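Only one structure is covered here, and it is reproduced in the block below.
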Amino acid sequence: MGLMALPVAFFAVFFAYPVTAIVTRGLKIDGAWRFGRIGEVLAQSDIRHVLWFTTWQALASTALTLLIALPGAYVFARFDFRGKQVLRAVVTVPFVLPTVVVGTAFLALVGRGGLLDQLWGVRLDTTVWAILLAHVFFNYAVVVRTVGGLWSQLDPRQEEAARMLGASRFAAWRKVTLPALSPAVAAAALMVFLFTFTSFGVVQILGGPTFSTLEVEIYRQTSEIFDLATAAVLTIVQFVAVGAILAVHAWTVRRRETALRLVAPEVTVRRPRGAGQWALLGGVLASILVLLVLPLGVLVQRSLDAPGGYGFAYYRALTSADSGIFLVAPIAAIGNSLEYALAATAIAVVIGGLAAAALTLPQSRLRPTGGTSMTGRLVRGFDALLMLPLGVSAVTVGFGFLIALDEPPLDLRSSWILVPLAQALVGVPFVVRTMLPVLRAVDGRLREAAAVLGASPWRVWREVDLPMVRRALLIAAGFAFAVSLGEFGATVFIARPDNPTLPVAVARLLGRAGDLNYGQAMALSTILMVVCAAALLLLERIRTDRTGEF
Amino acid sequence: MTKRTTTAVAIGLGLVTLSACGSSDSAGAGDSKTVTLVSHDSWAVSKSVLEDFEKQSGYKVRVLKDGDAGQAVNKAILTKDNPQGDVFFGVDNTLLSRALDNGLFQSYEAKGSDQIVQQYRIDQDRHRVTPIDSGDICVNYDKAYFSKHKLAPPASFDDLIKPAYKNLLVTENAATSSPGLGFLLGTAARYGDDGWPDYWKKLKANGVKVVDGWEQAYNDEFSGSAGGKKAKADRPLVVSYASSPPAEVIYADPKPKTAPTGVASGTCFRQVEYAGLLSNAKNTKGGKALLDFLIGVKFQDDMPLNMFVYPVRTAAHVPEEFVKFGPQAKDPETLAPAKIADNRDQWVKSWTSLVLK
């Protein structure tokens, strides 16, 4: 349990304590708890409407994402085609980009004059369809990576065997592949549900003022209306809901780790054969092109579309410190972003790595007895707990930081470390989810053998675990890095004017009138996109043979 | 917890704390040589002007930008017992009462207060806030659209509900956006407590579009802006600022001879931004010097082209582009902060159910 101490302390100090502080501030008036507020707030019809909308749009988004992304998962898992690695990195880019950057570009797909408008005269901006499609755009990679990762390792010979025994193609798939795959599909669906349930930027930018999710409402109540009591109640509601989602997720993930005959992905991929498979590949590529590449391409196009004709004028403007918004040239944001993201990655890897190791050890020890003891349950609870920051609103955490971390030795409110700390909160779950399956796959008997032969725990880890998880660790670090680069919600609260991060700089440029400001915002967005894509492409090169969640 | 666990926790927290304290900036937060300004995202100043102040006063200025205007004020109120800085800049007349009622500021009459345009001075008996800048929230129009359609751009609130301007205006959500709120307050000032809902009913019938924030309205929906042109936007009227047309000239390369957008001068609501010494400021002396600097001629001269607002000091210089492309409205709508405080929440609520549902 000693391994868990640091992650627990980290989450206690930088997550639980600030969030509790701000919720308490909302619900405790003059020293007395006002739990009655909970009932009052929930009785309001517009709040109930928000709850209802939040839930159904998340359900619809999840269904639509699965519908569009599952064929993609299959194609990425089973087909070998030119440019696959690049494409897999590209489809992941939206997931790590801040909405503030791509919301505008997404309008080019569904808004006026957008592709849908030109083809069929359909405009979806400020309709719920814009929200749903944007959620597909952002979460496509979750399905492709989670489901596709496992799919590529399922032995196709099992299905072939079933067909040999007389099963139809569909029956073989339904009886053999689907059961093996379903826990992964469930896990992916739950993650998409979690991300869309707590959706903020997409709903704000594309939905217009008539649609509001819980997360948006918490933001409004905290930031604009300053009704902390209502915000506190909504935070609790969201917390409970997200807790429930994560509990189900933890359960499906565990089911997923049941023994499956896995093979190396290289064995299962092949070139598409026959018209049907080529059509499937073509369809998937077309959907990726329209839904994912096109909005990203619009950013690039607009960043080059300068008044004097296409060129790099906006990029050149980034190097001048003329406009007083930052006191530095906007280009400096790249350096800031990289520094923050590196620090955040370091924190996330240490905290997440320790947590993942802690989550693995007791299980291997308990395996002989079945593993449902108190410790086992505690460990699984902890596993779900690490994911909670993904489901708690950034504004709650940000405001919590302000009133909780305001006294020495922890007066961090104006310290640079706050940015990487906040980013690491979001990065840790990804590190844990990537490391955990790999660590669990390490045969516990190897560790026991080493221990019996007299190795210290540290030595066991170094000699047994580390060599097997090194690649997973790199991938985890890469993902934490990309997520930190794109993190906006928490960073915007604490980034300082003389060192803005890329997303913060983009947001500030978009907040001003004038051609040069808009153009520079597009140029910086493109740079952010390219940096994220490069980081993800690097990850593609070091993919492990064991699948992680992301 | 076992002993080992306790040790690990201690080491872990120690590391984090140490790394935090090790950063040079946070170490300087409490000392008397540093003065901290808390503001919103729009804060901007020329580097040379700020350095000049630092040299003359001997204080190093630290700036904390705390989100948009509303967020920054709320955060300041939340942390007023143990504030993040010494001076807060950027509370406007729509939020002023919230700040004052919560005891955010302490009294200080800044040097040069007597040089501020009379109409902006408030709280004269207690001097808790000092006006720093003013700006007008007005409907902007796309000149190209109106000349192409041989239509005169609207001039007043009354014009906006005329059939000629059907489906042309985009505005912001009054509940979440400060120009959106300013426009609502402008109509409330123009048509009175009882008259504004009726005006909005007509505006809605005339096809006004509401989006959540200024960025979407201006960059995505308004056909006159740089972003709007690229996005093939189709709304030639937008609620923005009187200083947006000059910004379209200044932030263009090459600079056009005339602004591509104009201001409907009869649709303006005046916003005044204030600064004040925070109640529990650690460096009150430095804070006072900083406030003096904010209404000093040097800063007031520098401010317009950085924050796109007008100076409040009578002698301050207004840039040529402002005079030419975005003059301040002659007779803008105004409302007393107390009146805004009394009605704001109710008005926004009624507006929301009237216009958004």
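Heads up: the protein sequence lines correspond to chains P and A, in order.
Residue 327 in our numbering sits at position 327 of the first sequence, with consecutive numbering throughout.
Residue 169 in our numbering sits at position 169 of the second sequence, with consecutive numbering throughout.
Where a beta carbon is used, it is the ideal one built from N, C-alpha and C, also for glycine.
These numbers were taken from a predicted model, which means no experiment stands behind them.
request  = Spell out whether any CB of chain P is found under 8 angstroms from the CB atom of Asp292 (chain A).
outcome  = Closer than 8 angstroms: no.
ask   = Going by DSSP, what residues sit across from Lys65 (chain A) in a beta bridge?
value = The bridge partners DSSP lists for Lys65 (chain A) are A:Ser39.
query = What did DSSP end up calling Ser107 (chain A) once you bin it into helix, strand or coil?
reply = For Ser107 (chain A), the three-state secondary structure derived from DSSP is coil.
inquiry  = Residues of chain A with CB closer than 7 angstroms to the CB of Asn517 (chain P), please, in chain order.
reply    = Simply Tyr251.
ask   = What residues from the region 208-220 of chain A come within 9 angstroms of chain P, judged by C-beta to C-beta, listed N to C?
value = Within the region 208-220 of chain A, the qualifying residues are Lys209, Val210, Val211, Asp212, Gly213, Trp214, Glu215, Gln216, Tyr218, Asn219 and Asp220.
request  = Below 7 angstroms between beta carbons is the criterion; list the residues of the region 154-178 of chain A that meet it against any residue of chain P, in chain order.
outcome  = The region 154-178 of chain A vs chain P, Cβ under 7 angstroms: Asn173, Ala175 and Thr176.
ask   = Quick one: which chain P residues come within Cβ less than 7 angstroms of Thr187 (chain A)?
value = The premise fails here: Thr187 (chain A) is roughly 17 angstroms from chain P at the closest Cβ pair, so nothing lies under 7 angstroms.
request  = Could you tell me whether the Cβ of Gly67 (chain A) comes closer than 8 angstroms to any Cβ of chain P?
outcome  = Contact with chain P is found for Gly67 (chain A), since one of that chain's Cβ atoms lies less than 8 angstroms from the residue's Cβ.
Span separating the alpha-carbon of Ser364 (chain P) from that of Trp129 (chain P) = Residue placement at Ser364 (chain P) cannot be trusted, given a pLDDT of 47 that sits under 50; the coordinates are not used to answer.
Residue closest to Val469 (chain P), alpha-carbon to alpha-carbon, out of P:Val13, P:Gly486, P:Gly454 and P:Ala441 = Nearest of P:Val13, P:Gly486, P:Gly454 and P:Ala441 to Val469 (chain P), Cα basis: P:Ala441.
task = Report yes if the C-beta distance between Gln115 (chain A) and Arg313 (chain A) is below 8 angstroms; otherwise report no.
result = Yes, these two residues count as a Cβ contact at 8 angstroms.
ask   = Going along the region 222-240 of chain A in order, which residues come within less than 8 angstroms of chain P, judged by CB to CB distance?
value = Listed in chain order, the positions of the region 222-240 of chain A with a beta carbon within less than 8 angstroms of a beta carbon of chain P are Ser225, Ala226, Gly227, Lys230, Ala231, Lys232, Ala233, Asp234 and Ser240.
query = With DSSP run on the structure shown, which of helix, strand or coil describes Asn206 (chain A)?
reply = Coil.
query = Is any heavy atom of the ligand MN found at a distance shorter than 7 angstroms from the C-beta of Pro327 (chain A)?
reply = Among the ligands in the structure shown, none appear at all, so the ligand MN cannot be discussed.
inquiry  = Would Val110 (chain P) and Leu124 (chain P) be called neighbours here (beta carbons separated by less than 8 angstroms)?
reply    = Yes. Within cutoff.
request  = Could you check which residue in A:Lys324, A:Cys268, A:Leu354 and A:Asn280 has the C-alpha nearest to that of Gly135 (chain A)?
outcome  = Looking at the Cα atoms, A:Cys268 is the closest of the given residues.
task = Give the residues of chain A in contact with Thr104 (chain P), contact being defined as C-beta atoms less than 7 angstroms apart.
result = Per Cβ cutoff of 7 angstroms: Asn219 and Asp220.
task = Drop a sphere of 10 angstroms on the beta-carbon of Trp120 (chain P), count the other beta-carbons inside from all chains shown, and report buried for 16 or more, exposed for fewer.
result = When all chains shown are included, Trp120 (chain P) counts as exposed.
request  = Compare the C-alpha of Thr230 (chain P) against each of P:Arg37, P:Arg433, P:Leu539 and P:Ile29 and name the closest.
outcome  = Cα-wise, what sits closest to Thr230 (chain P) is P:Arg37.
request  = Spell out whether any CB of chain A is found under 8 angstroms from the CB atom of Ala451 (chain P).
outcome  = No, no contact with chain A.
task = Please classify Gly308 (chain P): does DSSP put it in a helix, a strand, or coil?
result = Three-state result, Gly308 (chain P): coil.
task = Assign Arg367 (chain P) to one of three DSSP states: helix, strand, or coil.
result = Per-residue confidence for Arg367 (chain P) stands at a pLDDT of 45, beneath the threshold of 50, marking its modelled position as unreliable; the derived number appears in the next sentence. Arg367 (chain P) falls in the helix class under three-state DSSP.
query = What residues from chain P crowd round Arg98 (chain A), counting only those whose CB sits closer than 8 angstroms?
reply = Scanning chain P for C-beta atoms nearer than 8 angstroms to the C-beta of Arg98 (chain A) yields Phe226, reported in chain order.
query = Taking Cβ-Cβ distances shorter than 7 angstroms, what residues in chain A pair up with Gln204 (chain P)?
reply = Contacts between Gln204 (chain P) and chain A, judged by CB atoms closer than 7 angstroms, involve Asp212 in chain order.
request  = May I ask you to report which of helix, strand or coil DSSP gives Glu159 (chain P)?
outcome  = Helix.
task = Residues of the region 56-82 of chain A with a CB closer than 7 angstroms to any CB of chain P: list them in chain order, please.
result = With the criterion set as a beta carbon lying under 7 angstroms from some beta carbon of chain P, the members of the region 56-82 of chain A are Val63, Leu64, Lys65, Gly67, Gly70, Gln71, Asn74, Lys75, Leu78, Thr79 and Asn82, in sequence order.
message = For a cutoff of 8 angstroms on Cβ pairs, would you count Leu356 (chain A) as touching chain P?
response = At least one beta carbon of chain P lies nearer than 8 angstroms to the beta carbon of Leu356 (chain A).
message = Helix, strand or coil, according to DSSP, for Ser168 (chain P) in the structure here?
response = DSSP places Ser168 (chain P) in the coil class of the three-state scheme, outside both helix and strand.
message = Which residue wins for smallest C-alpha separation from Ala480 (chain P), given the options P:Ala286, P:Val96 and P:Tyr310?
response = For Ala480 (chain P), the nearest C-alpha among the options comes from P:Val96.
ask   = Residues in its own chain within less than 7 angstroms of Tyr108 (chain A) by CB, not counting five upstream and five downstream?
value = These residues qualify, in order along the chain: His127, Leu277, Lys288 and Leu291.
query = Taking Cβ positions, are Met387 (chain P) and Pro420 (chain P) nearer each other than 8 angstroms?
reply = For the pair Met387 (chain P) and Pro420 (chain P), the CB atoms are not nearer than the 8 angstroms cut-off.
ask   = Are the Cβ atoms of Thr261 (chain A) and Glu224 (chain P) separated by less than 8 angstroms?
value = Between Thr261 (chain A) and Glu224 (chain P), the gap from beta carbon to beta carbon reaches 8 angstroms or more.
key: 8 angstroms contact criterion, which Leu536 (chain P) and Ala482 (chain P) should meet: CB distance rounded   = Their Cβ separation, rounded to whole angstroms, is 6 angstroms, which keeps Leu536 (chain P) and Ala482 (chain P) in contact under 8 angstroms.
ask   = Quick one: Cα of Val239 (chain A) to Cα of Val426 (chain P), how far?
value = One alpha carbon belongs to Val239 (chain A), the other to Val426 (chain P), and they sit about 36 angstroms apart.
Selected residue, minimal CA-CA separation from Ala424 (chain P), among P:Arg445, P:Pro272 and P:Val397 = For Ala424 (chain P), the nearest C-alpha among the options comes from P:Val397.
ask   = Below 8 angstroms, can you find three or more Cβ-Cβ pairs linking the region 170-190 of chain P to the region 241-253 of chain P?
value = In short, these stretches touch, since the Cβ pair count reaches three.
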